[in-house]
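Participant: My questions will all concern the structure given below.
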Amino acid sequence: MISVIVPVYKVEKYLRQCLDSLAAQMLEDMEIIIVDDGSPDGCPDICDEYVAKDARMKVVHKENGGLLSARKAGFAASKGDYIGFVDGDDWVEPDTFLNMYKAVCEHSPDMVLSDFLCDYGDRAEPSSQCFEEGFYGRERLEKEIFPRMLFDGRFYSFGVNPNCWSKLVRRELIEKNLLPVDERIRMGEDAAFIYPCLLDSQSISCLKTPTYHYRITGQSMSTAYDEKLKDIILLPYKRLKEKNAASDFDISSQLNYYLLYMVNFLLRNEAKKANFHSKQERRKVIENICADEDIRSAAAAVDMGKLPAHTKLLASALGRGSVFMTEKYVEFLRIYLGVKQ
Numbered sequence: 007m008i009s010v011i012v013p014v015y016k017v018e019k020y021l022r023q024c025l026d027s028l029a030a031q032m033l034e035d036m037e038i039i040i041v042d043d044g045s046p047d048g049c050p051d052i053c054d055e056y057v058a059k060d061a062r063m064k065v066v067h068k069e070n071g072g073l074l075s076a077r078k079a080g081f082a083a084s085k086g087d088y089i090g091f092v093d094g095d096d097w098v099e100p101d102t103f104l105n106m107y108k109a110v111c112e113h114s115p116d117m118v119l120s121d122f123l124c125d126y127g128d129r130a131e132p133s134s135q136c137f138e139e140g141f142y143g144r145e146r147l148e149k150e151i152f153p154r155m156l157f158d159g160r161f162y163s164f165g166v167n168p169n170c171w172s173k174l175v176r177r178e179l180i181e182k183n184l185l186p187v188d189e190r191i192r193m194g195e196d197a198a199f200i201y202p203c204l205l206d207s208q209s210i211s212c213l214k215t216p217t218y219h220y221r222i223t224g225q226s227m228s229t230a231y232d233e234k235l236k237d238i239i240l241l242p243y244k245r246l247k248e249k250n251a252a253s254d255f256d257i258s259s260q261l262n263y264y265l266l267y268m269v270n271f272l273l274r275n276e277a278k279k280a281n282f283h284s285k286q287e288r289r290k291v292i293e294n295i296c297a298d299e300d301i302r303s304a305a306a307a308v309d310m311g312k313l314p315a316h317t318k319l320l321a322s323a324l325g326r327g328s329v330f331m332t333e334k335y336v337e338f339l340r341i342y343l344g345v346k347q
């Protein structure tokens, strides 16, 4: 049986479309676990309404704890041999989980990966995992997927998109790799357990027909300043670094680029117009970044030829631990983002 976990929080506008699409699934041997993560709007009532209409659905109401907390709660309530995820503001085609189930029945892989659609409302664009459709045993994984799953050679592009919602994962891998993840993570929370699941997989199946609709709205690209990001931004990297140390396949080179990507994201956050901290406070954040040994080592190790021009400047500054050069990079970002000095 397949268990599909649906975390729900402040998505009242889109929830019915999501649950309608799940109710329309052609696969019968599945359960749909809706996790109301303490949503303050009409979502809890909508969840109860759909559970009353579809025997495959059940709901978990809980206090707000964040996305990872909701996914863990859904997993605790699940019974399936394979676990899938759907975000409460997205939706899926009727044959989505039937297609994945067929792949499971054919090869019994540890994971099923599928392409998906980026849905902008007026158009939907397919997003590819960049790998051929078919079955991959461990030898083929280590040869074709692992070497570029986290970084495919273009800054910044994933070889395997880290999202969990276009994938089906064997239960044991979720238990091993999701439950230990720090629930404070708010960026990179999927990567923190999906890549460990991949590294533990002996086989996967790849599907190229996109049937998952990932909704992209103006709110998906927030201009808000995240006050806590500087304290948690490195948690996904640290989780992956720990996993890499215990794995028989080395992704340390890819992790260098991933860490540079995360630091760049943090600096963009610091450069936002909504950041009202003083120059001295912003400088302290940069000083901490430049003093971090993992960041300095990663920046010094990347191949500059794989970086765009402005990121080369950042890597050079961080590799030297130069606070001055990194501040200049943030000033560039502030100009680029239209923030007055």
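In case it helps, our numbering puts the sequence shown at residues 7 to 347. Idealized CB from N, CA, C, for every residue including glycine. It should be emphasised that the depicted structure is a prediction, and the values quoted were computed from it without experimental measurement.
#1: Express the C-alpha separation of K234 and L240 in angstroms, rounding to a whole number.
#2: Extract the residue ranges of the alpha helix (DSSP H) inside the segment 209–240, only unbroken runs of 4 or more that lie entirely within it.
#3: Determine the burial state of S114: buried for a count of at least 16 other Cβ atoms within 10 Å of its Cβ, exposed for fewer.
#4: Who does P132 pair with in a DSSP beta bridge?
#5: Just verifying my parser: in three-state terms, what is the DSSP assignment at M7?
#6: With DSSP as the reference, label G86 as helix, strand or coil.
#7: When the Cα atoms are used, what is the spatial distance from C124 to E337?
#8: If you draw a straight line from the alpha carbon of M227 to that of R221, how long is it in whole angstroms?
#9: Helix or strand or just coil, what does DSSP make of I358?
#10: Report the rounded CA-to-CA distance for Q31 versus P100, giving the unit in angstroms.
#11: Applying the 10 Å Cβ sphere with the 16-neighbour rule, what's the burial state of Q135?
#12: Under DSSP, the alpha helix (DSSP H) around E55 begins and ends at which residues?
#13: Tell me the DSSP secondary structure of R289 in three-state form.
#14: To the nearest angstrom, report how far apart R289 and M310 are at their CA atoms.
#15: For P13, count neighbouring Cβ atoms within 10 angstroms of its own Cβ and tell me buried if that reaches 16, exposed if not.
#16: Sorted by chain position, which residues of the same chain lie with C-beta nearer than 7 Å to P168's C-beta, five sequence neighbours on each side aside?
#17: Tell me whether P100 sits in a helix, a strand or coil according to DSSP, three-state version.
#18: For the beta strand (DSSP E) that H316 lies in, which residues bound it at each end?
#19: Is it the case that the segment 126–145 contacts the segment 84–102, given that we only count it when at least three CB pairs across the two stretches are under 8 Å?
#20: Spatial neighbours of I191 within its chain, please: C-beta separation below 7 Å, excluding the five flanking residues on both sides.
#21: With DSSP run on the structure shown, which of helix, strand or coil describes V336?
#22: Could you pull the start and end residues of the beta strand (DSSP E) that L348 belongs to?
#23: Taking the straight line between their C-alpha atoms, what separation do you get for S45 and Y15?
#24: How is the alpha helix (DSSP H) around Y20 delimited, first residue to last?
Facilitator: Concretely, from the data shown:
#1: Cα to Cα, L240 sits roughly 12 Å from K234.
#2: Unbroken alpha helix (DSSP H) stretches of 4 residues or longer found wholly inside the segment 209–240: 235–238, given in chain order.
#3: Result: exposed.
#4: Beta-bridge partners of P132 (DSSP): L123.
#5: M7 sits in coil when the DSSP states are folded into three classes, being neither helix nor strand.
#6: Of the three classes helix, strand and coil, the one that applies to G86 here is coil, per DSSP.
#7: Rounded to the nearest whole angstrom, the C-alpha separation of C124 and E337 is 32 Å.
#8: Confidence is the limiting factor: at M227 the pLDDT is only 49, short of 50, which leaves the residue's position unreliable and the question unanswerable from this model.
#9: Since the first and last residues shown for the chain are 7 and 347, residue 358 lies out of range.
#10: Q31 and P100: Cα-Cα distance of roughly 4 Å.
#11: Around the beta carbon of Q135, 16 or more other beta carbons lie within 10 angstroms, which makes this residue buried.
#12: 49–59 is the span of the alpha helix (DSSP H), which, as asked, contains E55.
#13: The three-state secondary structure of R289, taken from DSSP, is helix.
#14: If I take the Cα positions, the gap works out to 26 Å.
#15: By the Cβ-count criterion, P13 is buried, with 16 or more other Cβ atoms from all chains shown falling within 10 Å of its own Cβ.
#16: Excluding its 5 nearest sequence neighbours in each direction, P168 has C-beta neighbours in its own chain below 7 Å: D196, A197, I200, Y201, listed in chain order.
#17: Here P100 sits in coil by DSSP.
#18: Note, H316: premise wrong, no beta strand (DSSP E); alpha helix (DSSP H) at 315–326.
#19: Not touching, per the Cβ criterion.
#20: Cβ neighbours of I191 within its own chain (closer than 7 Å, five residues either side excluded): L74, A198, I238, L241, P242.
#21: Helix.
#22: Beyond the ends of the chain as shown, which are 7 and 347, falls residue 348; an answer cannot be given.
#23: So the two alpha carbons sit approximately 5 Å from each other.
#24: 18–29 is the span of the alpha helix (DSSP H), which, as asked, contains Y20.
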